[in-house]
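Worksheet: the structure to be examined is printed underneath.
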Amino acid sequence: MSAAATAATSTEVLKYFPFDAFITNLGKYNEGYLVGEWVHFPTTPEEIQDVFKRIGIGQKDDFGQPYEEWFITDYDCYVPGLYDVLGEYESLDELNYLASRIEELSESEFECFQAAVEMGEYTDSVKDLINLTENLDCYNFYSDIHSDSDLGYYWVEESGAYDASALGTLSNYIDYEAFGRDIRFDEGGEFTDNGYIINNYGSFIERYNGNREDIPDEYCVFVSEDEPTLETMTEDEKQAFVDGIELSLDYQLTEGITQSDMDLYNAIIQERTEREKPSIRQQLAENKAKCAAAPQESTKIKNNDLEV
Numbered sequence: 005m006s007a008a009a010t011a012a013t014s015t016e017v018l019k020y021f022p023f024d025a026f027i028t029n030l031g032k033y034n035e036g037y038l039v040g041e042w043v044h045f046p047t048t049p050e051e052i053q054d055v056f057k058r059i060g061i062g063q064k065d066d067f068g069q070p071y072e073e074w075f076i077t078d079y080d081c082y083v084p085g086l087y088d089v090l091g092e093y094e095s096l097d098e099l100n101y102l103a104s105r106i107e108e109l110s111e112s113e114f115e116c117f118q119a120a121v122e123m124g125e126y127t128d129s130v131k132d133l134i135n136l137t138e139n140l141d142c143y144n145f146y147s148d149i150h151s152d153s154d155l156g157y158y159w160v161e162e163s164g165a166y167d168a169s170a171l172g173t174l175s176n177y178i179d180y181e182a183f184g185r186d187i188r189f190d191e192g193g194e195f196t197d198n199g200y201i202i203n204n205y206g207s208f209i210e211r212y213n214g215n216r217e218d219i220p221d222e223y224c225v226f227v228s229e230d231e232p233t234l235e236t237m238t239e240d241e242k243q244a245f246v247d248g249i250e251l252s253l254d255y256q257l258t259e260g261i262t263q264s265d266m267d268l269y270n271a272i273i274q275e276r277t278e279r280e281k282p283s284i285r286q287q288l289a290e291n292k293a294k295c296a297a298a299p300q301e302s303t304k305i306k307n308n309d310l311e312v
């Protein structure tokens, strides 16, 4: 296989397999056991659920409490620069979103993405990296330029900025390296492992704002369950839900409370209020009892008047 074919194959492999994450059972880890599995991203909801089962998420500990929490203890990243960005408590949905977006890039876009990540712009978070995949047109990337000499030669001989034919033999005396260095300093470009890249200062649009509810469903690994309703919740679930909302409100921790949460909370409170109010039949029975007692009271008063 030729060097060019090998490089192309390597690029394809990296694009389709950008990183792996070692997902670890946090409860077991706190007990002194490293229980986890490597997961390749992008992945599927079915694979994540299978991994959770194998590492004990959902199973109960010696005290009967389920292991519910997990975190990431290590990464294998095949895109230079990713490892320094990814943290141990990243959202699996966000990681899958990022990996899927990388997988969808063309080969040239992927090379530009790698160079941009190495350049270090828009790489502070997974959200930044996701948006970077959507804004690669903000960069000019040259995969065959790897030195100041290459850059200088490109500008003089290939870019069309100069009439190379008019230079004639004078081109033999041009210091391409010095010229390329001046160009690089002037436009703020950088050499990366994949080539030369510059920020062309196009409009960088934030398409993903970091709100995980806005991640497209096809990229999510946690399948959304139907929202609870008055009809589907047990009394214990309603009480736990109300307690959780009220605790959050008391401590002003309202960031995670959605409008649907408040609608359900108000519906539960209203249901309880209606339940505590006497029914019409009860009210009629009470009124009838009062009416029946009223003549007796009146007779007693009259008898007292007669005695007086």
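Here the sequence shown is numbered in this note's numbering, starting from 5 and rising by one per residue.
Note that beta-carbon positions come from the ideal geometry of N, C-alpha and C, so glycine has one too.
Keep in mind it's a predicted model, so treat the numbers as computed, not measured.
| task | Kindly provide the ranges of any alpha helix (DSSP H) runs that are 4 or more residues long and lie completely inside the stretch 165-225, ordered along the chain. | result | The stretch 165-225 contains these whole alpha helix (DSSP H) runs: 168-171 and 180-191.
| request: Look at the alpha carbon of Glu122 and the alpha carbon of Asp267, and state the distance between them as a whole number of angstroms. | output: 46 Å
| Span of the beta strand (DSSP E) holding Ile76? | Trp74 to Cys81
| said: Tell me the DSSP secondary structure of Val43 in three-state form. | reply: strand
| query | Which same chain residues, not among the five before or five after Thr137, have their C-beta less than 7 Å away from its C-beta? | reply | Arg105, Ile106, Leu109 and Phe117
| field | beta strand (DSSP E) segment containing Asp128, residue limits | value | Under the DSSP assignment, Asp128 falls outside any beta strand (DSSP E); it carries neither an H nor an E label.
| query | By a C-beta neighbour count over all protein chains shown, 10 Å radius and 16 as the cutoff for buried, is Thr28 buried or exposed? | reply | buried
| For Phe56, the first and last residue of its enclosing alpha helix (DSSP H) | Where Phe56 is concerned, the enclosing alpha helix (DSSP H) stretches over Pro49 to Ile59.
| request: Kindly give me the distance between the Cβ atoms of His44 and Asp24, rounded to whole angstroms, as I take these residues to be in contact under 8 Å. | output: 5 Å
| said: Just list the residues that DSSP pairs Asn29 with in beta bridges. | reply: Trp74
| For Leu90, which residues of its own chain have a beta-carbon under 8 Å away from its beta-carbon, when the five flanking residues on both sides are left out? | Phe23, Ala25, Ile76, Tyr79, Cys81, Leu99 and Val130
| Can you tell which of Asn215, Glu161, Leu38 and Arg185 has its C-alpha closest to the C-alpha of Leu174? | Glu161
| On the three-state DSSP scale, how would you describe Tyr37? | coil
| For Glu94 and Glu50, the rounded distance between their alpha carbons | 19 Å
| said: So, for Glu73: in the same chain, excluding its five sequence neighbours on each side, which residues have a beta-carbon less than 7 Å away from its beta-carbon? | reply: Leu30 and Gly31
| request: Quickly, what does DSSP pair Asp24 with across the bridge? List them, please. | output: DSSP lists His44 and Asp80 as partners of Asp24.
| task | Give the straight-line distance between the Cα atoms of Asp167 and Trp159, rounded to the nearest whole angstrom. | result | 11 Å
| field | Separation of Phe56 from Gly206, as counted between CA atoms | value | 43 Å
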